[in-house]
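Following: one structure in structure tokens, then a few remarks.
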DNA sequence: CCCCTAAAGGTCGTATTGACTTTAAGTCGC
DNA sequence: GCGACTTAAAGTCAATACGACCTTTAGGGG
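Chains as they are written, first to last, in this note's numbering: chain A, 1 to 238; chain G, 239 to 476.
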């Protein structure tokens with residue numbers, strides 16, 4: 001070993017985020033096989049013959065969680081290549097980040113694995129994930145947090161039409177900090193192409209009816225919405 | 239094909255940028271073998287047995303260009319996996335972005351390939367690179383441009399100590415737009431931890447002597463320095 | 001019909017920015 | 001030695017963006 005071309009397997013792992021019950025949640029599966037049998041892991045699987053990594057990610061999304069890739073935001077996160085990351089041998093994995101609006105509880109899928117939503121904060125604070133999936137999850141969270149600042153991905157966490165309050169809760173939950181409702185609305189309503197007013201309103205159980213919006217055409221939030229500062233865990237909370 | 243686990247080779251490709259002669263330049267090699275023999279390509283090579291992709295990147299950096307990875311900024315760019323990207327078969331590549339200060343003209347290295355600096359603008363406008371390296375180069379340029387906005391990587395293009403004028407030229411060359419010298423200095427000198435004054439000055443052939451700075455400790459530029467707008471090619475030029 | 005709540009909208013002082021001007025400190029040509 | 005020239009450094013000023021905070025609006029519930 002060391003000199004020749006490495007013999008490697010390539011896998012795809014998915015960091016799937018959604019906001020439900022006022023929390024950022026990640027979809028995890030319980031492993032049915034060794035290694036790490038019984039432990040929680042990111043859903044994923046091997047790259048097949050003639051597909052791209054992105055196609056493999058969409059396929060795994062469906063096979064393992066019955067989620068439709070077309071309804072999610074999907075982007076490549078990073079490739080992890082530590083030779084010791086998988087005890088079975090040389091497995092390099094490319095992680096993808098998938099974001100969606102209030103996704104359904106996954107029916108187990110064709111694979112017999114148990115899939116369930118878990119609060120990201122709990123997983124990062126207490127849980128231990130298989131392989132290096134804890135690191136991957138952390139990287140995914142940081143990517144999502146950063147992209148809230150300068151892109152319009154926050155809207156993919158809301159099903160259309162949505163209110164500004166719902167959108168604000170997305171930011172608060174992912175950044176783990178409270179935001180001033182008034183300044184938040186001023187900021188986002190003035191961002192060109194971010195929100196598309198529908199002219200309709202939604203009356204909830206309490207409070208004044210909120211205007212409903214759909215996603216605007218701009219992929220970037222200009223000027224960006226900067227966090228006050230870094231917050232390494234989702235709101236901490238001892 | 240299609241059903242089973244893909245049999246893939248993994249390679250590393252390098253997008254190496256430096257600023258020389260008032261231009262952003264990229265290091266390219268002329269391919270000595272088929273496919274694409276004689277054409278320009280990014281330097282790179284196969285992943286070996288027990289190394290990470292990052293270690294492979296550093297190794298290739300040295301073998302192909304005699305550049306020392308420790309003296310460069312190196313970060314993972316993206317993984318490219320189109321099954322048809324390499325006519326020889328299934329080759330997935332992870333691209334790394336390497337940035338350095340006025341790097342030397344590479345001696346060909348142990349590999350017998352001809353390595354040389356080329357202006358990025360020219361390559362993107364006229365040149366055709368092997369494989370999908372044109373796409374990778376474009377992605378690398380966009381990454382570098384974006385990171386100038388909110389990190390302090392611009393300083394790695396300058397050898398220490400450097401003047402604010404030199405730093406400004408880095409921004410101008412990579413973004414392809416002129417910047418107001420006065421506002422530029424105000425912005426960067428007030429960014430906490432970005433520049434470390436040395437107290438020394440450099441007298442050039444013309445003009446008032448410029449204060450010399452070294453890199454500060456802050457990895458991020460806060461608040462960010464936003465480009466006026468997108469500029470898909472490096473200053474265009476007709 | 002009053003209270004409570006959240007949405008919507010406004011105020012105000014401060015910080016940041018872009019466009020521009022002024023002053024400083026060197027070299028070069030004569 | 002001196003003025004022209006060049007770039008660095010510093011300042012001005014109006015427009016904008018932002019954080020903190022307040023007021024008004026429009027529903028539901030008791």
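The beta-carbon is built from N, C-alpha and C at its ideal position, and this holds for glycine as well.
Using a Cβ-based criterion (distance less than 7 Å to any ligand heavy atom), does residue i qualify as near the ligand ZN?
| i | result |
| --- | --- |
| residue 279/G | You won't find the ligand ZN in this model; it holds no ligand whatsoever. |
To the nearest angstrom, how far is the alpha carbon of residue i from that of residue j?
| i | j | result |
| --- | --- | --- |
| residue 439/G | residue 180/A | 46 Å |
| residue 366/G | residue 278/G | 7 Å |
| residue 25/A | residue 276/G | 51 Å |
| residue 389/G | residue 432/G | 9 Å |
| residue 155/A | residue 396/G | 39 Å |
| residue 7/A | residue 247/G | 7 Å |
| residue 461/G | residue 371/G | 34 Å |
| residue 442/G | residue 450/G | 12 Å |
| residue 199/A | residue 258/G | 54 Å |
| residue 138/A | residue 447/G | 47 Å |
| residue 456/G | residue 386/G | 13 Å |
| residue 29/A | residue 80/A | 19 Å |
| residue 415/G | residue 423/G | 16 Å |
| residue 369/G | residue 126/A | 45 Å |
| residue 136/A | residue 314/G | 14 Å |
| residue 239/A | residue 18/A | Nothing in the structure corresponds to residue 239/A, since chain A is present only between 1 and 238. |
| residue 173/A | residue 160/A | 19 Å |
| residue 117/A | residue 106/A | 8 Å |
| residue 428/G | residue 190/A | 28 Å |
| residue 170/A | residue 309/G | 41 Å |
| residue 400/G | residue 142/A | 32 Å |
| residue 183/A | residue 140/A | 27 Å |
Below 6 Å CB to CB, which residues in the same chain sit around residue i once its five sequence neighbours on both sides are set aside?
| i | result |
| --- | --- |
| residue 238/A | Per-residue confidence for residue 238/A stands at a pLDDT of 27, beneath the threshold of 50, marking its modelled position as unreliable; no derived number is given. |
| residue 119/A | 23 and 25 |
In or out: residue i buried (at least 16 other Cβ within 10 Å) or exposed?
| i | result |
| --- | --- |
| residue 340/G | exposed |
| residue 207/A | exposed |
| residue 50/A | exposed |
| residue 60/A | buried |
| residue 88/A | exposed |
| residue 226/A | exposed |
| residue 359/G | buried |
| residue 342/G | exposed |
| residue 198/G | Given that chain G is displayed from residue 239 to residue 476, the structure contains no residue 198/G and the question cannot be resolved. |
| residue 35/A | exposed |
For residue i versus residue j, is the C-beta spacing smaller than 8 Å?
| i | j | result |
| --- | --- | --- |
| residue 331/G | residue 254/G | no |
| residue 95/A | residue 74/A | no |
| residue 99/A | residue 146/A | no |
| residue 286/G | residue 5/A | yes |
| residue 252/G | residue 353/G | no |
| residue 290/G | residue 82/A | yes |
Might you give, ordered along the chain, the residues of its own chain that have their beta carbon closer than 7 Å to the beta carbon of residue i, omitting 5 neighbours on each side?
| i | result |
| --- | --- |
| residue 434/G | 451, 452, 453 and 454 |
| residue 249/G | 282, 283, 284, 285, 329 and 331 |
| residue 391/G | 311, 337 and 385 |
| residue 459/G | 388, 389, 390, 429 and 432 |
Spatial neighbours of residue i within its chain, please: C-beta separation below 8 Å, excluding the five flanking residues on both sides.
| i | result |
| --- | --- |
| residue 187/A | 225 |
| residue 54/A | 74, 76 and 96 |
| residue 466/G | 415 |
| said: So, does the segment 41–58 of chain A touch the segment 161–171 of chain A, judging by three or more C-beta pairs under 8 Å? | reply: The segment 41–58 of chain A is not in contact with the segment 161–171 of chain A.
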